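Everything on this sheet refers to the single structure shown next.
2 protein chains.
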Amino acid sequence: MQRSQELDRLFHALADPARRAILERLGRGPAPVSELAKPLPMSLPATMQHLGVLEAAGLIRSQKVGRTRTCAIEPQAMSRAEQWITARRREWEGRLDRLDDYLKNLERGGDRHGSK
Amino acid sequence: MQRSQELDRLFHALADPARRAILERLGRGPAPVSELAKPLPMSLPATMQHLGVLEAAGLIRSQKVGRTRTCAIEPQAMSRAEQWITARRREWEGRLDRLDDYLKNLERGGDRHGSK
DNA sequence: TTAATAGTAAGGTATTTACTTTAGTGTCAG
DNA sequence: CTGACACTAAAGTAAATACCTTACTATTAA
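If you read the sequences in order, they're chains F and Z. With my numbering applied, the first sequence covers 11 to 126. With my numbering applied, the second sequence covers 11 to 126.
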C-alpha cells in the first residue's frame, strides 16, 4: 500500500552514483557534510540535495552541532529494500528449482505423475 | 567504474511500483505483455515503456513468437543489486558491532586497552 | 478476406531530477 | 569585532520520466 512509496524512495535514493558513494563513505563512519562533498564532482549545494534525498529515504540521519552537520548511516532502512529483493529471489528460485526438478524427472524417464 | 551505471539502471528500475508489480507477477512465471498490462492503472504503451526499462536493466528478457511477446524474469541481474546492498550492510554492521563491543567493555569497567 | 488481436511507433505534455549560481545565516577563531 | 567557515535558501535551467493519445503493422481466427 504505502509500503510502496517507501520502496520507491529507497530504490530511487540508491539509483545514483553520488548517493551510493556517500553511503559507502558513511559505511566507514559518520562524517560532516563538507567531507562528504569533497570527493564528489559537484557543488556543495548539490551534495546537500543528495543528502536530503538520502535522509528522506531514511537511509541516513544527521544532526547539527555548532555550525557543522554530521551525517551517519541508518542501517534499518536499507534492510527493507533488501527484504523485498530477497523475497523476489526466493520466489523465482523456487520456481526455477521446481522447473529443474521437472526437467531432471523427465530425463530420468519419469513423468508418471500426470501434471493435472 | 561502469559497474556504477549498471547499478543506476538496476535501482532505478526497481524504484517504481508498476515495475515492481511486473516483477512480482513474473516471479510466478512468464507472461505476455497484455497480461502484465491488465492489472496496471495505465495504458498498454505505458506498460511497454516500463518493460523496456526492466529489460534495459537486465531484470527481464522477452521474445516475440507470432504476435505475442512473452516476458520472463532474469534472476542474475537482481543479485547484483543484492550484492551491493549486502556489502554495505556487512560493512556497517561490522562497524556497529565493534562499537557495541566497545560500549559493553566500558560497562564492564574494562578499558584496559588504550584505544590508541 | 475481413476483423479482431497483440504489440509498436510517434509525438506531445506535465512533472521531477540533478544540477547550477548567487546570496544569505549562524558559529567560531583570532 | 571581524573575517573565515560550514552550511542553507532561493531561483533558474536542461534533461529525463512517466504518462497520454493516436496512428500503424503484423498475426491469427472466422
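We treat Cβ as the ideally placed atom computed from N, Cα and C, and that holds for glycine. Only a predicted model underlies this, so the values are computations on that prediction, with no experimental measurement involved.
Contacts around residue i, its chain only, beta-carbon distance under 8 Å, and the 5 residues preceding and following it disregarded
i        : result
ALA91/F  : LEU17, LEU20, PHE21, LEU24
GLY124/F : Caution is warranted here: a pLDDT of 35 is assigned to GLY124/F, below 50, making its placement in the model unreliable, and the coordinate value is therefore given only provisionally. There are no such residues.
LEU46/F  : ILE32, ARG35, LEU36, THR57, LEU61, CYS81
SER44/Z  : LEU54, THR78
GLY76/Z  : none
Separation of residue j from residue i, as counted between CA atoms
i        : j       : result
SER14/Z  : ALA67/Z : 12 Å
GLY104/Z : LEU50/F : 25 Å
ARG100/F : GLU84/Z : 13 Å
ALA31/F  : GLY37/F : 10 Å
MET88/F  : LEU69/F : 6 Å
ARG118/Z : ASP26/F : Per-residue confidence for ARG118/Z stands at a pLDDT of 43, beneath the threshold of 50, marking its modelled position as unreliable; no derived number is given.
TRP102/Z : THR96/Z : 10 Å
ARG29/F  : VAL63/F : 8 Å
GLN59/F  : GLY39/F : 20 Å
GLN12/Z  : LYS48/Z : 36 Å
ARG98/F  : GLN93/Z : 14 Å
SER53/F  : GLU65/F : 19 Å
SER72/F  : GLN86/Z : 35 Å
Nearest candidate by alpha-carbon position, reference residue i, set the options
i       : options                   : result
ALA74/Z : LEU33/Z, GLU34/Z, ALA41/Z : In the sequence as displayed, the identity of residue 74/Z is Lys instead of Ala. Looking at the Cα atoms, ALA41/Z is the closest of the given residues.
Contact set for residue i: own chain, Cβ-Cβ below 7 Å, skip 5 residues either direction
i       : result
THR78/F : PRO42
The ligand GTP heavy atom lying under 6 Å from the CB of residue i
i       : result
LEU64/F : This structure does not include the ligand GTP; it has no bound ligands of any sort.
Contact list for the segment 72 to 89 of chain F against chain Z, Cβ threshold 9 Å: Those residues of the segment 72 to 89 of chain F placed with their C-beta closer than 9 Å to a C-beta in chain Z are ILE83, PRO85, MET88, SER89, ordered along the chain.
Short-range partners of chain F found in the segment 13 to 29 of chain Z, where Cβ spacing is below 9 Å: The segment 13 to 29 of chain Z vs chain F, Cβ under 9 Å: SER14, GLN15, LEU17, ASP18, ARG19, LEU20, PHE21, HIS22, ALA23, LEU24, ALA25, ASP26, PRO27.
Unbroken stretches of the alpha helix (DSSP H), 4 residues or longer, contained in the segment 25 to 90 of chain F: Listed in chain order, the complete alpha helix (DSSP H) runs (minimum 4 residues) inside the segment 25 to 90 of chain F are 27 to 36, 43 to 47, 54 to 66.
Contacting positions in the segment 91 to 107 of chain F - beta carbon closer than 8 Å to chain Z: Result list: ALA91, GLU92, TRP94, ILE95, THR96, ARG98, ARG99, GLU101, TRP102, GLU103, ARG105, LEU106.
Chain-ordered residues of the segment 57 to 71 of chain F with a beta carbon less than 8 Å from chain Z: Answer set for the segment 57 to 71 of chain F: empty.
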